[in-house]
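Undergrad: Following this message is one structure expressed as structure tokens.
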Amino acid sequence: MTIQKLLIANRGEIAVRIIRAARELGIATVQVYSKADKDSLAVRLADESIEIGPPQASKSYLNQATILTAARTTGADAIHPGYGFLAENAEFAAAVEAAGLIFVGPTAQSIRLMGDKVAAREAAAAAGVPTVPGSAGRLDSADAAFALVEKTGFPVMIKAAAGGGGRGIRIARSAEEFHHLMPQAQAEALAAFGDGGLYVEKLIEGARHIEVQILGDGRDVIHCFERECSLQRRRQKVWEEAPSPSLTPAVRDRLCSSAVALAKAVDYRGAGTLEYLYDDRSHEFYFLEMNTRIQVEHPVTEMVTGIDLVCEMIRIAGGEPLRIRQDQVRVRGHSIEVRINAEDPAKGFLPSPGTISALSVPAGEGVRFDSMLYQGYTVPPFYDSLLGKLIVHDKDRPSAIRRLERALAELSVEGLATTKPLHQALARDPDVQAARFHTAWLEPWLETHAASLGAAAAASSTAKVAQ
Numbered sequence: 041m042t043i044q045k046l047l048i049a050n051r052g053e054i055a056v057r058i059i060r061a062a063r064e065l066g067i068a069t070v071q072v073y074s075k076a077d078k079d080s081l082a083v084r085l086a087d088e089s090i091e092i093g094p095p096q097a098s099k100s101y102l103n104q105a106t107i108l109t110a111a112r113t114t115g116a117d118a119i120h121p122g123y124g125f126l127a128e129n130a131e132f133a134a135a136v137e138a139a140g141l142i143f144v145g146p147t148a149q150s151i152r153l154m155g156d157k158v159a160a161r162e163a164a165a166a167a168g169v170p171t172v173p174g175s176a177g178r179l180d181s182a183d184a185a186f187a188l189v190e191k192t193g194f195p196v197m198i199k200a201a202a203g204g205g206g207r208g209i210r211i212a213r214s215a216e217e218f219h220h221l222m223p224q225a226q227a228e229a230l231a232a233f234g235d236g237g238l239y240v241e242k243l244i245e246g247a248r249h250i251e252v253q254i255l256g257d258g259r260d261v262i263h264c265f266e267r268e269c270s271l272q273r274r275r276q277k278v279w280e281e282a283p284s285p286s287l288t289p290a291v292r293d294r295l296c297s298s299a300v301a302l303a304k305a306v307d308y309r310g311a312g313t314l315e316y317l318y319d320d321r322s323h324e325f326y327f328l329e330m331n332t333r334i335q336v337e338h339p340v341t342e343m344v345t346g347i348d349l350v351c352e353m354i355r356i357a358g359g360e361p362l363r364i365r366q367d368q369v370r371v372r373g374h375s376i377e378v379r380i381n382a383e384d385p386a387k388g389f390l391p392s393p394g395t396i397s398a399l400s401v402p403a404g405e406g407v408r409f410d411s412m413l414y415q416g417y418t419v420p421p422f423y424d425s426l427l428g429k430l431i432v433h434d435k436d437r438p439s440a441i442r443r444l445e446r447a448l449a450e451l452s453v454e455g456l457a458t459t460k461p462l463h464q465a466l467a468r469d470p471d472v473q474a475a476r477f478h479t480a481w482l483e484p485w486l487e488t489h490a491a492s493l494g495a496a497a498a499a500s501s502t503a504k505v506a507q
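The sequence shown stops at residue 507 when you use this note's numbering, and every number in between is there.
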């Protein structure tokens, strides 16, 4: 291990997660923070901390020069970007290594290749991995895009070539919609990612979102099986689980093998995730994109495989070869993660920053809560609303859902609204219990359950007052 002091270029629960992993490896930690995060749990836990700017992310967590200066000032020899912010920025990865530091993640070349969705599709096709029918390359011309659509037929997805998180995506079901939405998607992609390049692919309706976790050391690659992430709102994941309840053993083997083949083709180093659409009627899957970083939902994979993914990616970055053989990776039981956000699901997911007046965290076998919370902490309004992740594990999926219901009942975050009532309602829903859902399932469900979510939130507030 060549890493002695690790700087965490992120915030929130993932910063806490990385600090704890580094400590278990005997590595000192440095936490960067904006003025808004000076009282954060990550700052309290790290061995050292250093302020990097005002609350605006563009002037702090996205300021590459300031972060590199912080690393030099504190004597850090490695930087972990977490997820979001600079995690998939090839220029930052290159700048870290040019400064003589270790970037805990893939090479800049891999990030650049797999971060461009068009280039990633081309790499997947070259590795023999099936992709959704669509454009062979980026489409900067609306006329060229429409000529392709006339061949593939509607409906289609217009997608940004760069970036992620559901930005720059539009669904067109007719020629009129296509001509109206194409410039919108291009403008949003340009504003969000500084790149207006687009591509078009056939919309696979009623598909599931399945992703495969991989680990590589630049030479060898293994998979840690798959996660199901089909419960989404506005293309943002809400509930994730492992393994997927929708795959047959034969499909699982083909899917995971394809992920390894693609990761090997790009000499991948570190932890990464390959995302797929899966049609459970035809049992066909299609590569979507690769996330060249640790994922928010990585804990469910850790729970079913027993592999500490964050520790492994730090070990690999520190020069150690991959320590785990494929035949050593086994899935045991079932795990579910729900995202606890500072949002009010009864009010259209209105952001709900505030001060944590009381906090009660569930415990017991098979329960884990990864968060940035402590009693008295004031959640700032400047960043993503994720407060933490409640993760459960049990012998099978029905048992895991029951354990999730128990853990949610015990979880209490007072002082602000959270998405806890949403997850309680989902855990009780017959379709969720039977795994009858897809990527477009949740939003119509939310429309029909808005009143009951509001009633649940009101009842919870009344119960707290009574106590």
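All C-beta atoms in this analysis are idealised placements derived from N, C-alpha and C, irrespective of residue type, glycine included.
Would DSSP call H433 helix, strand or coil?
TA: Numbered from its first residue, the sequence shown carries residue 433 at position 393. Strand.
Undergrad: So, under 8 Å CB-CB, A299 and L314 are touching, yes? Tell me the CB distance rounded to an integer number of Å.
TA: The sequence position of residue 299 within the sequence shown is 259, counting from 1. The sequence position of residue 314 within the sequence shown is 274, counting from 1. Right, the Cβ-Cβ distance comes to about 4 Å (below 8 Å), so this counts as a contact.
Undergrad: Relative to the alpha-carbon of P173, which residue among R161, D180, Q464 and Q366 has its alpha-carbon at the smallest distance?
TA: Start at 1 with the first residue of the sequence shown, and residue 173 comes out as number 133. The shortest Cα separation from P173 among R161, D180, Q464 and Q366 belongs to R161.
Undergrad: I want to check one thing, is the minimum distance from the CB of G66 to the heavy atoms of the ligand MG below 7 Å?
TA: For the ligand MG, the structure offers nothing, since it holds no ligand at all.
Undergrad: So is R213 buried or exposed if we call it buried at 16+ other beta carbons inside 10 Å?
TA: Reading the sequence shown from its first residue, position 173 is the one you call residue 213. Exposed, since its Cβ has fewer than 16 Cβ neighbours within 10 Å.
Undergrad: Which same chain residues, not among the five before or five after P146, have their C-beta less than 7 Å away from its C-beta?
TA: To locate residue 146, count along the sequence shown from 1; it is residue 106. Closer than 7 Å at Cβ, skipping near neighbours: Y308, R309, G310, G312 and T332.
Undergrad: Quick one: is D257 buried, meaning 16 or more other Cβ sit within 10 Å of its Cβ, or exposed?
TA: One-based indexing of the sequence shown puts residue 257 at position 217. Answer is buried; the Cβ neighbour count reaches 16.
Undergrad: In the DSSP output, which residue or residues are listed as bridge partners for M197?
TA: Your numbering for residue 197 matches position 157 in the sequence shown. For M197, which the question treats as bridged, DSSP gives the partners I211 and E241.
Undergrad: Please classify Q335: is it buried, with 16 or more other beta-carbons within 10 angstroms of its beta-carbon, or exposed?
TA: Translated into positions along the sequence shown, residue 335 becomes position 295. The residue is buried, with at least 16 neighbouring Cβ atoms inside 10 Å.
Undergrad: Following the continuous beta strand (DSSP E) through E315, name the residue where it begins and the one where it ends.
TA: Counting from 1 along the sequence shown, the entry for residue 315 is found at position 275. Looking at the DSSP string, the run of the beta strand (DSSP E) that includes E315 is R309 to D319.
Undergrad: Taking the DSSP output, what are the residues bridged to A118?
TA: For the purposes of this step, residue 118 is taken as residue 78 along the sequence shown, with counting starting at 1. Beta-bridge pairing links A118 to L46 and I142.
Undergrad: Using DSSP's beta-bridge definition, name the partner residues of I254.
TA: What you label residue 254 is simply residue 214 of the sequence shown in a count that begins at 1. The partner list for I254 (beta bridge, DSSP) reads H263 and G312.
Undergrad: Output the distance between the C-alpha atoms of G359 and T42, rounded to the nearest integer angstrom.
TA: Counting from 1 along the sequence shown, the entry for residue 359 is found at position 319. Counting from 1 along the sequence shown, the entry for residue 42 is found at position 2. Between G359 and T42, the C-alpha separation is close to 7 Å.
Undergrad: Within a Cβ cutoff of 7 Å, which residues of the same chain sit near P393, ignoring the five residues on either side of it in sequence?
TA: One-based indexing of the sequence shown puts residue 393 at position 353. Excluding sequence neighbours, P393 sits near A382, V419, P420, P421 and L456.
Undergrad: If we call anything under 8 Å between Cβ atoms a contact, is P195 one with I209?
TA: If you number the sequence shown from 1, residue 195 lands on position 155. If you number the sequence shown from 1, residue 209 lands on position 169. Not in contact: P195 and I209 (Cβ atoms no closer than 8 Å).
Undergrad: Taking DSSP as the reference, what is the three-state secondary structure of S89?
TA: The residue labelled residue 89 in the question sits at position 49 within the sequence shown. Strand, per DSSP.
Undergrad: Which residues in the same chain as A182 place their Cβ atom closer than 6 Å to its Cβ, once the five residues preceding and following it in sequence are excluded?
TA: Counted from its first residue, the sequence shown places residue 182 at position 142. For A182, where only same-chain residues beyond five positions count, the Cβ hits under 6 Å are M222.
Undergrad: Just to confirm, is the Cβ distance from V158 to G140 under 8 Å?
TA: Here residue 158 refers to the residue found at position 118 when the sequence shown is read from its first residue. Here residue 140 refers to the residue found at position 100 when the sequence shown is read from its first residue. No, the pair does not count as a contact, with Cβ atoms beyond the cut-off.
Undergrad: Pick helix, strand or coil for M330, following the three-state DSSP scheme.
TA: Residue numbering aside, residue 330 sits at position 290 when the sequence shown is read from its first letter. Strand, per DSSP.
Undergrad: Could you work out which residue in A164, S452 and E352 is closest to I262 when comparing CA atoms only?
TA: Along the sequence shown, read from residue 1 onward, the residue named residue 262 stands at position 222. Looking at the Cα atoms, E352 is the closest of the given residues.
Undergrad: Ends of the alpha helix (DSSP H) at D410?
TA: Looking up residue 410 in the sequence shown gives position 370. D410 -> not in any alpha helix (DSSP H); beta strand (DSSP E) instead, spanning V407 to S411.
Undergrad: Comparing alpha-carbon positions, which option in I376, T345 and V401 lies nearest S270?
TA: Indexing the sequence shown from 1 puts residue 270 at position 230. Nearest option by C-alpha distance: I376.
Undergrad: If you count every other CB in all the chains shown that lies within 10 Å of the CB of L493, and 16 or more means buried, which is it?
TA: Indexing the sequence shown from 1 puts residue 493 at position 453. Buried, by the Cβ-count rule.
Undergrad: What three-state label does DSSP hand V509 in the structure shown?
TA: The chain is shown only over 41 to 507; residue 509 falls outside these bounds and no answer can be derived.
Undergrad: Just to confirm before moving on: does the CB-CB distance between I92 and T106 stay below 8 Å?
TA: Counting from one through the sequence shown, the residue named residue 92 turns up at place 52. Counting from one through the sequence shown, the residue named residue 106 turns up at place 66. Yes, they are a contact pair.
Undergrad: Just curious, the beta strand (DSSP E) that I380 is in, first and last residue?
TA: One-based indexing of the sequence shown puts residue 380 at position 340. H374 to N381 is the span of the beta strand (DSSP E), which, as asked, contains I380.
Undergrad: Based on the DSSP output, what are the partners of T418 in its beta bridges?
TA: The sequence position of residue 418 within the sequence shown is 378, counting from 1. In DSSP, T418 forms a bridge with T395.
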